Structures are given as structure tokens and as C-alpha cells.
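Engineer:
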Amino acid sequence: MDFYSHIQNEDNEATFKRLLRDHLNDVAEAIKDDTAYVYNDALLSKIGYLIGIGHDFGKYTTFFQKYLLTGENQLNLQRHGFISAVFTAYEIMRLIDLNEGRYMYLPLIAYFDVLHHHGDLNSFKDDIIDSQSLEDEDFIYVDERMRDKLIIMKEQIKDIIKNKDDIQREYDMLHEGINITNFCSKWLEVLHEIDRERYKLSMEDKELKSYVFSLLLFYYSALIDSDKRNAAGVRYTERKKIPQNIVDDFRKSRFNINSKEGIFGLRNEIYNKTVDKIQKVNLDKHIFTLTAPTGTGKTLASFSAAVKLRHRIENERGITPRIIYSLPFTSIIDQNYDVIDEVLSQIDDFSRDKSAYLIKHHHLSDVKYRYENEDRPVDESLMLVESWNSEVIVTTFVQLLHTLFGYKNRFLKKFHNIANSIILLDEVQNIDVKYWPAINTILHIITKELHCYIILLTATKPLIFDEEDAIELLDNNEKYFKALNRVKLITDLKSKNLDELVDIFINNYDEGKSYLVILNTIKSSLNFYNQLKSRLNIKNTNFYYLSTNIVPKERLNRINKIRDEIKEGKKIIVVSTQVVEAGVDLDVDIVIRDLAPIDSIVQACGRCNRGNLKGIGNVYVYNLSDKRSYSSMVYGAVSIDSAKNVLRDEIEEESFYDMINQYFEIVKQKKDLSASSGLIEAIDNFCFDGGENVNSISKFHLIDEKAQYVDVFIQVDKNAISTWEKYEQGVLHEKDFKKRQENYLNIRSDLKSYIISVPLKLAKNMISPTKNSSLFLLPYENLNDYYSLETGFNRNIDDDTILFF
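Structure (C-alpha cells):
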């Protein structure tokens, strides 16, 4: 009898069949190889293999085989996760000493991972059955969810026994010593053992729990990635070499690397000291910081340090780390990606195998994977990109941290490729202080258990790590802050309204200067921009507005245009929200900033006189309010009160270093850190997802979801109209799932480049085109009534007048 893992049907004809034993073997070999690469432990590699050959054991039932052929629901008897999890745990129990230290929890890990390999992770509490409740043969004391699994499994065991000889022959080809008959008689003993391990693990210390936690996620990630790729026939790619001096060569061809004067001399010195230090550090140390002022070349210095560290690890430890460059916002990823792309383009086969060297991964990026002069099919590209199959990955904090604090299947399938990596966290101060202790915990876990190296890049060194935990790559970095005096911070904390700020701007406006005004809310930025443009009568200055009120495509175009005009020496006025702060390479004469946390204010200072070519630039901070201060509404009272404590009437850049350190000390003492405490407790309790009143990893939200907000697709141009038509025809109205998914992936980047999030009250009367879509649509013919090409969505319209279709 033949058993299959996957069958593809078209018009009731099987167009593809995959033998189950071949699928199990291929997945098992992939997990074994992944494990051997990260863990220098033959037993753990063998366990990886057993997880692979056990993960789909339940597909050997006739219920599943019939379901494959007909699609008919067999009263849920075709479900295979639970029986496969118990079988895998049983096979591992036979091989190990259940009282031997760290190994004793391998059956528990395997059970949990296989149980959830088709979904998201849940929790030990909900997924492990209390031994005492198993005593009744009808399982009447087991909660309903797990009781259903047990009752189904009893029927599946009867079915397995009928075909045990055929199944035994299959497993004899896969692994020596597996006994199907013994499993069918002893499966309840496995559940008793799993519960025993769960209880014993709850009594262990944090160190051992961290080991189990990281190993559990590693096996789970390796399993789901290899399972999906094998089922889809995704071709593997070879690892690539990156020359250790590639950034040095790039700098020689682009810059005067011998300059010792001004900002260029400073950049050269910072670069040289950083790369020199990384080549001397003890590789037993895994956490580094690179703290330097904005505009001093941290991107190239840190990337060069990462490449050189990679070569040291390869030569001294025998592994080749991936480099993960993570940034806070999608708006700044492109410029960092472009720099790295230009550096790596010096490699001979870079254009031929580009994606094997470098990928960009965030929710707006294209789903494209280029290898061997071929753009892989979109579904294959998606799997390769989402599992980070590349030497260098440029990505967001969301992608990285929601994987490290992971419970969702789609995030965790790249977790195993984070092992052994070098992770650069740029502008790390943008992470909310409430998560710092939890970030500290998870980064220590992956450095210790998964051999990762961390480099934190910042101009405002946050106190995520204690000083003894991290090695600073730029020795005496304080002198570089004090050596620069590009800007003066001028503060007026007396409460002012927007009208008063407009008056101040107009009364002090200098046509020979370029300006950047950064306000805390979309509403205040729109009001300021509209007032200023109507009242300031000037001819030779261009006005620009920037915020998330504008579709992402236009926002990026506008940033590039602003940057070009500044380089050409044109005088402009930019009114923006915080989207310009972290890493957006703008350089104006004067910055005006609504009160904010000190790290945000320092980032704003980094947009003023960045190149140090204009004497001293002025950055003005005002405390804007409308009944209540905008700053407290956005950032909370603790951060703003702490900022007020360290701000003085005038502060020059040479004093920023001391001001920043003082600020973070105050914030750390005052901030409510209960969110971190809950996450750390969830890690200790192996609670990935739980109920509303339970501390679980699923409670981690790097970006707080906006309640009562919806996504609206804005048809601002012909390409947007065409994109929406493709979405309607190829996604909303396509019945075939695979074609629908492929069509969506082909247009995803374009689709999301026209989507903005707006309050539901402004869109509640729009009609979503089908029940299958959560997107609202603003069609082109209604564009002028509800959207301005200059300032974006009209947030002052009468709610009752919005009616589309």
C-alpha cells in the first residue's frame, strides 16, 4: 500500500503525488543538518531527524489518505497533529535517559513542536494533559478541546493497527528500531511522561528553562520551514562568501579615507577604530555597542565590523554567520539597503545570485528572490525571503523582535536561521522603554544558547544592557560627541497653541534658510502646514508635507525629492510628523520640534546641519498643547516629564552625551516595566499564547495596534487604479486558493504602497468591495473630495457625507 503526504488535484485529476516516506525523510534530513550546524551535539541532531520522520506520522491513517484523495472531512479523523506529536515523543523517549539533565525534556519539546507544526504555538498549560485526568478510559475529566483529540486518537490507533505491517515497512526504511505495535499499546504512557516533564521543568532554574525555550523554538522553526519548503518543492540555495575587506575597498573607491579634517576626518577615525576593535575582541563576548553621533557613518562602520566579525567566527569557530541588519521603520530601510547593495555589488556573481547575498524583508517589500540569473516563482520566493535564506538580511524591528518573541507560525519559520547570526540593531532607542528588560532577557538567551552576536547602533545609548554586559566598539566615544558642535538646542517649555507657533515661525522666518518642523500628531501637523502656507507669502521656497497620512509610495518619493533639493542648495520648508527622525538622511538649517522624549529630540537634531558645513544650526523645542499637551498624548507622561527634567534653555551638541545618559537613567527608574515582567514570566512558563488574563508572549506588540482604525486603499494615480483592478480580479474573485495567493503576492508591494490607516469614524460608511476583504476603497473619482495629493487624507470631513459605491 502506498501512503502519500501531498496530492495536488486539478479537475479531479491528481497532477502531483508525494510519497509520505520520501517527505518524512527529506524533512528529517533538513532538520538534522540545521541542528548539526548550530548545535555541536550528535544526539540533538538525531533528535532533529526523529522530529522530521515523526511530524506527519498521523498521515498513515486511512482517514487522512482518503481525505487527500477526495477532500472529504472524515469527522476530523484525518487530523494528524496530535497523534504525530505523541508518536514523535514516544520514539525520542526510547533513545534518551529521562533523568539526564537537559536531554530529559526532549520528548516534551518534540511533542509540543509537532503538535503545532500546522499552526501557531499555544502553551504548555493548555496543550499538556494532566496525568490524573487520563485515568478514566473515556477521558471525562479532560477539558473538551484535548478530550476531542484523545477520542480521535483512539480511533486512529485502531486504524493504524490494521495497516501496521505496511507502516512498519515504511519506518524500517527511515530509521532502525521503531516499533509501531509497541507505540500503539503504550501511547497513553507517553502522555503521562509528558506531564511529568512539564511539572519537573516548572521547578527548574531560569538557565535551564532558557535552554529548553530556545531549543524548542529552534526545532519548531526548522520543522515548519523544511516541511513547507519540501511540500512546495522549493529549491535550496548555496551559502555565499563575502570578502572581509569589501567595505574597505568600497570606501577607498568613494571617499577620501585619508582625510583627518572636519566631519570627514571624524567619520574616518570612527570607522577605523570600530573595525580595528572588532578584530581584537574576545569571541566569547557576544554583545557590542557602537555609540556615535548622528551623521558620522555608523552604517558603513557597523556593516564592515559585522563582515570582519563574520570572518573571524568562520576562521576560529567553523561557522558562517548571517548578518541581520534591523531598523525601526520601513521608511529608512531603503537607504540602508541601497548602501549595502552598492557595497556587495563589487562581488563578481552578485547580480547573478543577488538574493543569496542580500534580501530586504518587511511588509512593503517586493516578494522577489533572484538566484542563478532567475527570479524564482513568487510562492518559492516568498518562502526563501520569509525564512531569511540570504547572507545579509535588511529588515525591521517588527520582523526580528516578533520572531524572537514569537508564537506565530509565519514569523517563527525564520527563527532557526537567526541562530549563529550577527544582528545589528540600528536606532535601538526607538524601542519602547517598557520592553527593555524583556529585550535584555531574549538577547541574552539567543547569544548564550544560539551563539548570536549583537551590535547595538545608536547616537543615544539606551540602558538596555548594563555596561559590563556589552563591549563598546568606539572607545572614548564621548569625545566624538564633545568634538561636534553642529547644533544648539533652544528650549521653551511654556505651553503654546498651534496659532502661537505659526506666529513664532513667521516672525522669525529667514528666506535664506531651510526648515524642518516636526510635530507629534497628524492633526497638529496638518493644521500647522495649512496655516503656514496660507499666511507665509513667499515665492522661492517649496513647501513639503510628510506623515503617514500620505500613501507610502508618495511619502518615499517626497523624501527623495526633499533630499535632492537640499543637496542642490534649494531653500525648503518641510512640515512632518516623526517619520523623518530615525535615519532619514535630511540636512536642513533650522529644526523646530514639538516636545518629545530626549532620544527623539536628539534624532531631530540629527536632521540639522548634519554635515557640519553651516556653522551652528538651531533646533527649537516648544511645548504645544490643545487642552492637553500633544507630547503627553503621544509619548506618555513619564517620558515627557523626564525630558523636561534634563532640558535647559540652551544646550549645545557637545553636552548631548551627558544629557542623554541622564535622561535614560531617569526614565528607567520611573517607567512601568510590567509589560517586560509579563513577557519574562511567559518565557519561564512556556506560555506562547493564552487567555486574556494570562501573561503570554502573544501580548508583545512592538507597535501598538490602533483601536478603531481601518486600512484604506487610495486610488491616487493610474498605477493605483490598475493595482486595485488586479486585486479585485486576481484575489477577491479568484476561487483557486493557490492562484489567489500567487496573484496577491505578485501585487502585494504595489497594493500596500497605496494603503493608509485612518480612524474608522472617517471611513465607516465606505463600502468594502467583498466580504473577503478588510480593505476600504477610496476610488479615483472621489479622490478630490476626500484626499489631497499634497497633504493626504482629509480628516476634517463630515462623517455623514462619506459614501462610496
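In the numbering used here, the protein residues as written are 10 to 814. The beta-carbon is built from N, C-alpha and C at its ideal position, and this holds for glycine as well. What you are looking at is a predicted structure, and each value in this text was computed from that prediction instead of being measured.
1) Name the residue from Asp441, Phe665, Lys579 and Ser731 whose alpha carbon lies nearest to the alpha carbon of asparagine 486.
2) Could you have a look at glutamine 717 and say whether DSSP puts it in helix, strand or coil?
3) Is isoleucine 811 helix, strand or coil by DSSP?
4) In three-state terms, what does DSSP make of histidine 15?
5) Keeping to the same chain, check which residues put their C-beta closer than 6 Å to that of serine 142; ignore five residues upstream and five downstream.
6) Just curious, the beta strand (DSSP E) that serine 731 is in, first and last residue?
7) Using DSSP with H/G/I as helix, E/B as strand and the rest coil, what is histidine 370?
8) From the DSSP secondary-structure annotation, give me the bridge partner or partners of threonine 298.
9) Using 8 Å as the threshold, is the region 246-262 in touch with the region 432-452, meaning 3 or more CB pairs across them?
10) For the beta strand (DSSP E) that contains arginine 88, what are its first and last residues?
11) Classify proline 116 as buried or exposed, calling it buried when 16 or more other Cβ atoms lie within 10 Å of its own Cβ.
12) With valine 290 as the anchor, note down where its alpha helix (DSSP H) starts and where it stops.
13) Leaving out the 5 sequence neighbours to the left and right, which residues in its chain are closer than 8 Å to glycine 626 when beta-carbon positions are compared?
14) Rounded to whole angstroms, what's the CA-CA distance from isoleucine 118 to threonine 456? Just pull it up for me.
15) Between the Cα of aspartate 519 and the Cα atoms of Ile531, Asn546, Asp508 and Ser534, which residue gives the shortest distance?
16) Which whole runs of the alpha helix (DSSP H) in the region 517-571 are 4 residues long or more, in chain order?
17) With a floor of 4 residues, list each alpha helix (DSSP H) that falls wholly inside the region 360-446, ordered by position along the chain.
18) Suppose the cutoff is 6 Å on Cβ atoms and the five residues either side in sequence are ignored; what does the same chain contact list for serine 199 look like?
19) Could you check whether the region 301-312 touches the region 265-276, counting it as contact only if at least three pairs of C-beta atoms, one from each stretch, sit closer than 8 Å?
20) Among Val611, Ser223, Leu466 and Leu786, which residue has its Cα nearest to the Cα of phenylalanine 424?
21) If we ignore side chains and look at the alpha-carbon of each, how far apart do cysteine 531 and lysine 570 end up?
22) Compute the beta-carbon to beta-carbon distance between leucine 711 and phenylalanine 474, rounded to the nearest angstrom, for a pair I have assumed lies under 8 Å.
23) What three-state label does DSSP hand leucine 604 in the structure shown?
24) Helix or strand or just coil, what does DSSP make of tyrosine 763?
25) Assign isoleucine 266 to one of three DSSP states: helix, strand, or coil.
26) Could you say if the region 325-338 and the region 433-440 meet the contact criterion of at least three C-beta pairs nearer than 8 Å?
27) Less than 7 Å separating the beta-carbons of tryptophan 397 and asparagine 426?
28) CA-CA distance, glutamine 177 and isoleucine 169?
29) At what residues does the beta strand (DSSP E) containing leucine 210 begin and finish?
30) Alpha carbon to alpha carbon, how far is phenylalanine 91 from lysine 761? Give it in angstroms, no decimals.
31) What does arginine 637 pair with, by DSSP beta-bridge criteria?
32) Determine, using beta-carbon pairs with one atom in the region 502-517 and one in the region 316-328, whether at least three such pairs fall under 8 Å.
33) Can you check the region 54-80 for any alpha helix (DSSP H) of at least 4 residues that lies completely inside it and give the ranges in chain order?
34) Let me make sure I understand the geometry here. Which of Thr500, Gln724, Gly521 and Gly700 has the alpha-carbon closest to that of lysine 562?
35) Check whether the Cβ atoms of glycine 67 and histidine 89 lie closer than 7 Å to each other.
36) My output table needs one value for tyrosine 136: the three-state DSSP class, helix, strand or coil.
Structural biologist: With the structure as the only source:
1) Taking the sequence shown and counting its residues from 1, the one referred to as residue 486 is at position 477. Of the listed residues, the one whose Cα sits closest to asparagine 486 is Phe665.
2) As a first step, residue 717 is located in the sequence shown; it is residue number 708 there, counting from the start. Assigned with DSSP and collapsed to three states, glutamine 717 falls in coil, not helix or strand.
3) Numbered from 1 along the sequence shown, position 802 holds the residue referred to as residue 811. Here isoleucine 811 scores only 33 on pLDDT, less than 50, and its place in the model should not be relied on; the value that follows carries that caveat. Residue state, collapsed to three classes: coil.
4) Reading the sequence shown from its first residue, position 6 is the one you call residue 15. Annotated three-state conformation of histidine 15 is strand, per DSSP.
5) Walking along the sequence shown from the start, residue 142 turns up at place 133. Closer than 6 Å at Cβ, skipping near neighbours: Tyr150 and Val151.
6) The residue labelled residue 731 in the question sits at position 722 within the sequence shown. No beta strand (DSSP E) contains serine 731, which is instead part of the alpha helix (DSSP H) from 727-736.
7) One-based indexing of the sequence shown puts residue 370 at position 361. For histidine 370, the three-state secondary structure derived from DSSP is strand.
8) As a working note, residue 298 is residue 289 in the sequence shown. According to DSSP, which records beta bridges pairwise, threonine 298 is partnered with Leu465 and Glu481.
9) Taking a cut-off of 8 Å for Cβ pairs, the region 246-262 and the region 432-452 do not touch, as fewer than three such pairs fall below it.
10) Within the sequence shown, the letter at position 79 stands for residue 88. Where arginine 88 is concerned, there is no enclosing beta strand (DSSP E), given that its DSSP letter is neither H nor E.
11) For this step, residue 116 is matched to residue 107 along the sequence shown. It counts as buried.
12) Here residue 290 corresponds to residue number 281 of the sequence shown, with the count starting at 1. That residue, valine 290, is in no alpha helix (DSSP H); it is neither H nor E in DSSP.
13) Against the sequence shown, residue 626 aligns to sequence position 617. Same-chain partners within the cutoff: Arg495, Val496, Lys497, Val597, Asp598, Ile599, Val600, Cys617 and Asn618.
14) As a working mapping, residue 118 is identified with position 109 in the sequence shown. As a working mapping, residue 456 is identified with position 447 in the sequence shown. C-alpha separation (whole angstroms): 21 Å.
15) By 1-based counting over the sequence shown, the position of residue 519 is 510. The candidate whose alpha carbon is nearest that of aspartate 519 is Asn546.
16) Runs found: 531-544.
17) With a minimum length of 4 residues, the unbroken runs of alpha helix (DSSP H) contained wholly in the region 360-446 fall at 363-366, 387-395, 406-413, 418-421 and 424-427.
18) In the sequence shown, counting from the first residue as 1, residue 199 sits at position 190. A quick correction: the sequence has valine, not serine, at residue 199. Sequence-distant partners of valine 199 (beyond 5 residues in either direction) whose C-beta falls short of 6 Å from its own C-beta, in its chain, are Val95, Ala98 and Tyr99.
19) Segments in contact, yes.
20) Counting from 1 along the sequence shown, the entry for residue 424 is found at position 415. Closest by alpha carbon: Ser223.
21) If you number the sequence shown from 1, residue 531 lands on position 522. If you number the sequence shown from 1, residue 570 lands on position 561. The sequence given here has isoleucine at residue 531, not cysteine. The straight-line gap from Cα to Cα measures roughly 21 Å.
22) Residue 711 sits at position 702 when you count from the first residue of the sequence shown. Residue 474 sits at position 465 when you count from the first residue of the sequence shown. In this structure leucine 711 does not touch phenylalanine 474 by the C-beta definition: roughly 19 Å separates them, more than the 8 Å allowed.
23) Here residue 604 refers to the residue found at position 595 when the sequence shown is read from its first residue. Three-state result, leucine 604: coil.
24) Position 754 of the sequence shown holds residue 763. In the structure shown, tyrosine 763 sits in coil (DSSP, three-state: anything other than H, G, I, E or B).
25) Numbered from its first residue, the sequence shown carries residue 266 at position 257. Coil at isoleucine 266, not helix or strand.
26) Enough Cβ pairs lie closer than 8 Å, so yes.
27) For the purposes of this step, residue 397 is taken as the residue at position 388 of the sequence shown. For the purposes of this step, residue 426 is taken as the residue at position 417 of the sequence shown. Contact flag set, yes.
28) The residue given as residue 177 occupies position 168 in the sequence shown. The residue given as residue 169 occupies position 160 in the sequence shown. Whole-angstrom Cα-Cα distance: 10 Å.
29) Within the sequence shown, residue 210 is the residue found at index 201, counting from 1. Residue range 189-211 is occupied by the alpha helix (DSSP H) that includes leucine 210, with no beta strand (DSSP E) assigned at that position.
30) Here residue 761 is taken as the residue at index 752 of the sequence shown, counted from 1. Here residue 91 is taken as the residue at index 82 of the sequence shown, counted from 1. Between the alpha carbons of lysine 761 and phenylalanine 91 lies a distance of about 38 Å.
31) Here residue 637 is taken as the residue at index 628 of the sequence shown, counted from 1. According to DSSP, arginine 637 bridges with Asp635.
32) In this structure the region 502-517 does not lie against the region 316-328, because fewer than three pairs of beta carbons, one per stretch, are closer than 8 Å.
33) Runs of the alpha helix (DSSP H) inside the region 54-80: 71-79.
34) The residue you call residue 562 lines up with position 553 of the sequence shown. Closest option to lysine 562, Cα to Cα, is Gln724.
35) Within the sequence shown, the letter at position 58 stands for residue 67. Within the sequence shown, the letter at position 80 stands for residue 89. Yes, they are a contact pair.
36) Looking up residue 136 in the sequence shown gives position 127. For clarity, residue 136 is aspartate in the given sequence; the question names tyrosine instead. Helix.
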